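Sequence positions in the sequence shown follow numbering that gives the first Met the number 0 and run 0 to 522.
Please read the structure below before turning to the comments.
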Amino acid sequence: MLVYEWRTHPHSSLLPSITMVLTLVDALLGLAGIFLLRQLFARKQHTPLPPGPKGLPLVGNVLDMPKKQPWITFNKWGEQFGDVFYLNLLGQPMIILNSAKQAINILDKKSLIYSDRPSLEMCNMTGWNKGLGLLPYGDDFRETRRMFHGVMGSKASMEKLMPIVEEETKKHLIRVLEDPDEVAQSIRKTAGAIILLMAYGYRVKEGNDPLVDLVDAGMEEFAIMTSPGAFLVDVFPILRHVPSWFPGAGFKRLVVEWKKTCADLVALPFQYVEEQMAAGSATPSFSSAQLEKGNFTEEEYVVVRWAAASMYAGAADTTVSALYSFILALTLFPEVRKRAQDEIDKVVGNDRLPSLDDRDDLPYLEALVKEVFRWNPVAPLGLPHRVTQDDIHENHFIPKGSIVIANIWAILHDPQTYANPMEFNPERFLPSPGREAEVDPRTFCFGFGRRICPGLNLADASVFLSCAMTLAVFNVSKALDAHGNPIDPIVEYTDSTVSHPKPFKCSITPRSTKAQSLIHSVD
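This is the structure:
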């Protein structure tokens with residue numbers, strides 16, 4: 000039996016703890032107090048702010064902010080203060096939305112004023128502010144979304160991508176068969192291979208691939224940078240001027256490293272496309288199609304390069320996180336695995352691998368995929384929105400410039416929507432006599448309004464196909480200790496923007512010699 004021990008990405012230990020000396024903090028708190036007083040006096044109307052935990056003078060709720068899994072704390076505060084509550088972070092208003100109803104009413108129905116992004120200074124300093132996820136709501140954002148839609152936003156465009164998804168998923172099966180200990184790395188490589196081929200016409204190399212390693216590092220760093228409260232410089236942008244040797248300024252040293260990663264991630268794959276086009280050997284891709292249009296201004300050239308780079312974050316990281324959770328679910332719930340395999344055997348047989356054409360005939364597997372997306376949402380808080388003008392919502396005042404966060408984890412664990420939400424139960428999505436299926440979590444887990452994830456269709460298809468093919472040929476179960484006793488994985492998740500299971504052990508073996516032969520037949 001082959002035993003697999005889950006390992007995290009080498010950059011996952013980078014999440015910093017930033018402290019400042021008292022004299023600097025005192026000065027900054029004074030500035031925050033002045034800002035807060037100005038904000039209060041500037042608001043002439045008397046509509047109350049939403050309720051929320053009482054903060055301290057000047058600093059507000061800064062000291063209340065959770066350091067780990069903030070979505071859990073926000074959910075508990077929501078039980079006390081309601082589905083829309085207010086936090087004050089050194090004068091910066093923050094609004095948390097803890098229900099689907101409120102997220103839809105605010106972020107969907109009022110998307111015209113709730114589609115901006117706050118400025119994250121750490122991302123500004125490293126260059127990530129030009130990516131689609133953090134672009135301000137405006138012309139560049141709309142143009143990039145338009146380009147994305149042409150590649151992965153319609154049924155016709157998705158049909159063109161499916162052969163790529165199927166080809167790379169089959170390669171994943173071969174890698175897992177050869178080395179099940181490296182299934183996590185293979186999942187990342189598969190997701191990267193799909194996006195790199197689609198965006199740049201680049202085919203990844205077996206073994207270590209420099210571009211896959213590059214984009215993985217970039218995504219890990221981006222997840223750290225965008226985690227709530229990770230860097231004090233995001234609250235006080237003036238700290239960007241502090242010298243790197245100053246106590247508490249370790250973020251300046253990270254900026255140097257992460258800025259290079261970001262620059263390489265944007266430039267190197269695009270440079271590969273340009274070189275291939277010059278040689279007349281370019282594989283058709285998003286980037287080559289854009290370059291063939293020619294006559295770019297420098298500004299348009301930057302937008303196109305960043306559109307290509309943003310595709311990875313738009314689909315691949317979502318796929319990786321969901322498939323990590325899928326492996327964990329199979330390890331924990333053998334009865335779920337067995338029922339899904341029985342369905343695949345009945346519908347598909349064991350002479351071929353499942354395809355997306357089988358999807359409509361595999362309702363339990365479809366329910367399993369939905370439950371994976373619900374159980375541990377890939378981005379529990381999504382990325383923050385910013386409101387661009389004062390708003391009155393249900394008799395509460397939401398100030399212009401407020402950061403607005405949809406607590407997707409809370410929405411997908413709301414007992415009013417999902418019965419026994421802490422249980423992993425795919426059957427909740429299967430209708431039965433007298434009981435309707437519960438709400439499809441994909442309605443919420445990819446975000447809201449005009450900021451909904453543009454790669455959701457690709458991510459959904461990739462996850463379904465990988466789940467189907469994995470179940471068709473592999474058994475995933477608990478690993479055994481030295482005495483032959485099963486090891487129960489501890490269900491814990493990382494705290495970053497894109498959350499995935501922490502390391503755990505499992506066993507991955509071929510279902511049969513025929514399954515093993517089927518994997519080899521696709522090589």
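By construction, the Cβ of each residue, glycine as well, lies at the ideal position given by its N, Cα and C atoms.
Predicted model only: the values in this text are computed from it and were never measured.
Cβ pair residue i, residue j closer than 9 Å
i    : j    : result
I193 : V164 : yes
N375 : S324 : yes
T416 : E437 : yes
A478 : R510 : no
L96  : A405 : yes
A378 : V490 : no
T508 : K501 : no
K100 : D115 : no
V347 : D359 : no
F445 : L411 : no
D459 : L331 : no
T225 : G132 : yes
W127 : F269 : no
N349 : L517 : yes
A339 : L364 : yes
I94  : I391 : no
T296 : T125 : no
Coil, strand or helix - residue i by DSSP
i    : result
R338 : helix
R187 : helix
S511 : coil
S506 : strand
L123 : Correcting the residue type first, residue 123 is Asn in the shown sequence and not Leu. Note: N123 maps to helix in three-state DSSP.
G149 : helix
S287 : helix
R449 : helix
H10  : In this prediction, H10 has a pLDDT of 44, which is less than 50 and means its spatial position is unreliable; what the coordinates show is noted afterwards. Looking at H10 - three-state DSSP - the assignment turns out to be helix.
L582 : Past the edges of the chain, shown from 0 to 522, lies residue 582, and the structure says nothing about it.
I486 : coil
G433 : coil
V255 : helix
P523 : There is simply no residue 523 to check, as the chain begins at 0 and stops at 522 in what is shown.
S243 : coil
S280 : coil
S118 : coil
N523 : The structure shown has nothing for residue 523, since the chain only spans 0 to 522.
L48  : coil
V61  : helix
S476 : strand
L55  : strand
F524 : Outside the shown range of the chain (0 to 522) lies residue 524, about which nothing can therefore be said.
L86  : strand
A26  : Its pLDDT being 46, under 50, A26 is placed unreliably by the model, and nothing is read from it.
Y201 : coil
Y417 : coil
Y136 : coil
Nonlocal neighbours in the same chain, by C-beta distance under 6 Å from residue i, ignoring five residues either side
i    : result
A366 : P425, F428, L429
A306 : T143, M146
L329 : R336, V475
A190 : A315, T318, V319
K129 : W305
P49  : V83, F84, Y85, H395
M157 : N456
P65  : T72
K188 : V211
V241 : A248
Own chain, CB closer than 7 Å to residue i, minus 5 neighbours either side, in chain order
i    : result
V232 : E120, M121, L238, R239, F250
Y113 : I105, L106, H384, V386, V403, G448
N60  : P52, G54, L86, N87, L88
I451 : F445
I326 : V182, V475, C505
Neighbourhood of residue i by C-beta, 8 Å cutoff - its chain only, sequence neighbours within 5 removed
i    : result
V302 : D139, E142, T143
W70  : P379, L380, N406, I407, W408, A409
Cutoff 9 Å: residue i Cβ touching any chain B Cβ
i    : result
S465 : Absence of chain B from the displayed structure is noted, only one protein chain being present.
Runs of alpha helix (DSSP H) lying entirely within the region 88-112, each at least 4 residues, in chain order
99-102
Segments assigned alpha helix (DSSP H), at least 4 residues, entirely inside the region 290-330
297-310
When the Cβ atoms of the region 474-489 are set against those of the region 164-178, are three or more pairs found closer than 8 Å?
no
Are the region 188-205 and the region 271-284 touching by the rule of at least three beta carbon pairs closer than 8 Å?
yes
With a floor of 3 residues, list each beta strand (DSSP E) that falls wholly inside the region 330-414, ordered by position along the chain.
390-392, 395-397, 402-405
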